[in-house]
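All remarks here apply to the structure that follows.
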Amino acid sequence: MAAAAPSPAPVPSSSPKVASPKAGDRKVVPVTVAEEVVLEEKHVLAVDDSSVDRAIIAKILRSSKYRVTTVESATRALELLGLGLLPDVNMIITDYWMPGMTGYELLKRVKESSKLKEIPVVIMSSENVPNRISRCLEEGAEDFLLKPVRPSDVSRLCNRIR
Amino acid sequence: MQDANLRYPEIGISEVSLTFGGKIGYLDEQFCQVEDLQDEASPNFAEEVVTLFFKDSARLMSNIELALEKYPKDFNRWDAYMQQLKGSCSSIGASRMKCEFMSFRDYCGQGNVEGCMRSFQKVKREHTVLRQKLETYFQLLRQAGPAGAATRPVM
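Chains as they are written, first to last, in the numbering used here: chain A, 1 to 162; chain B, 163 to 317.
This is the structure:
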């Protein structure tokens with residue numbers, strides 16, 4: 001009986017250990033992939049006369065990755081917006097009741113301004129007054145939040161930010 | 163992140179009281195919400211907010227005190243000032259102080275000067291107690307932090 005001799009495995013004549021790149025193999029990474037990875041930072045202007053509430057709303061917004069500018073009065077807000085110092089505001093969130101100009105008046109001014117009227121305005125108030133809420137919405141407010149404002153309230157808004 | 167057990171240590175932030183015929187703690191759920199906002203970027207956020215609160219409230223209360231004296235029976239003005247203070251109290255969850263604002267508002271509505279004065283004094287007292295409680299609370303948290311690290315065994 002003839003012992004079967006193991007036949008040597010055929011050595012392929014061309015099986016490169018190291019793949020040398022051929023012209024067609026080179027991958028071109030499109031530039032747009034990198035752009036898509038960058039998160040577009042939205043800029044929110046928060047207006048409140050209370051330093052406590054400014055700190056809280058700013059923190060909530062920043063935790064949701066928004067860029068935040070806080071001001072303590074509606075007058076100041078209009079000043080900065082009017083001077084073009086805040087050219088890229090995507091949303092204004094303002095307290096309703098403030099000494100001097102109220103948030104409601106700020107809302108009206110913004111909606112009357114050809115330059116600013118596209119900016120969504122959200123009103124915050126510690127008082128649940130139905131008349132107040134409907135007046136604000138009629139005047140063009142994007143939403144009305146009851147204070148104290150929670151992170152869940154803000155995530156609700158994120159779709160509305162321009 | 164602080165250990166949940168430290169949240170309300172024995173100093174009694176959430177201790178019950180039989181005031182107002184019911185049980186009301188010094189701080190409510192809103193205070194937890196503020197603490198929950200703490201993160202690596204702002205590890206002391208709650209304490210910072212509380213500091214802002216006491217700075218603000220001290221100012222507002224002296225405005226009210228002045229108004230009670232300078233503008234007798236000006237209930238609208240008194241109520242407006244108290245509303246501002248109430249707003250801040252709401253934001254940090256100062257539940258006992260919040261309760262007293264409702265009484266004050268009722269007294270204003272009734273035109274009851276005596277009632278307003280008494281109510282405001284109560285607000286002042288609650289404010290002082292709350293300040294003491296929170297100072298102790300944050301002190302304990304600070305002590306627990308480094309103390310916890312120190313007792314950890316070295317491997």
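Idealized CB from N, CA, C, for every residue including glycine. On a predicted model such as this, the values are computed, not experimentally measured, just so you know.
At least 8 Å separates the CB of A:S155 from every CB of chain B. Taking a Cβ-Cβ cut-off of 9 Å, B:S224 has no neighbours in chain A, whose nearest Cβ is about 16 Å from it.
For B:V196, the residues of chain A that pass the 8 Å Cβ criterion are I56, in the order they occur in the chain. If you draw a 10 Å sphere on the C-beta of B:L228, you find fewer than 16 other C-beta atoms in it, and that means exposed. Non-local C-beta neighbours of A:K117 in its own chain, meaning closer than 6 Å and more than five positions away in sequence, comprise K111, ordered along the chain. Setting aside the 5 residues that flank it on each side, A:A141 is surrounded in the same chain by L107, V121, V122 and I123, each with a C-beta closer than 8 Å to its C-beta; the list follows chain order.
Minimum Cα-Cα distance from A:R156 among the listed residues A:K147, A:D143 and A:P148 corresponds to A:D143. Listed in chain order, the positions of the segment 72–90 of chain A with a beta carbon within less than 9 Å of a beta carbon of chain B would be empty, since no residue qualifies. By the neighbour-count criterion, in which 16 or more other beta carbons inside 10 Å mark a residue as buried, A:G82 falls on the exposed side.
Judged by DSSP secondary structure, A:V89 falls outside any alpha helix (DSSP H); it is assigned neither H nor E. A straight-line Cα-Cα distance of about 12 Å links A:N131 and A:E139. Between the alpha carbons of B:Q192 and B:I186 lies a gap of roughly 14 Å.
DSSP, reduced to helix, strand and coil, places A:R150 outside both helices and strands of the structure shown, so it counts as coil. Residue B:L214 holds the alpha-carbon nearest to the alpha-carbon of B:I254 among B:V275, B:L214, B:M264 and B:R239. Secondary-structure assignment with DSSP links B:L189 through a beta bridge to B:A256. Not one beta carbon of chain A lies nearer than 8 Å to the beta carbon of B:G271. Assignment of B:V211 by DSSP, reduced to helix, strand and coil, places it in the helix class. Closest in C-alpha terms to B:Y269, from the list B:K260, B:M259 and B:R280, comes B:R280. The DSSP-derived three-state label of A:D95 is strand.
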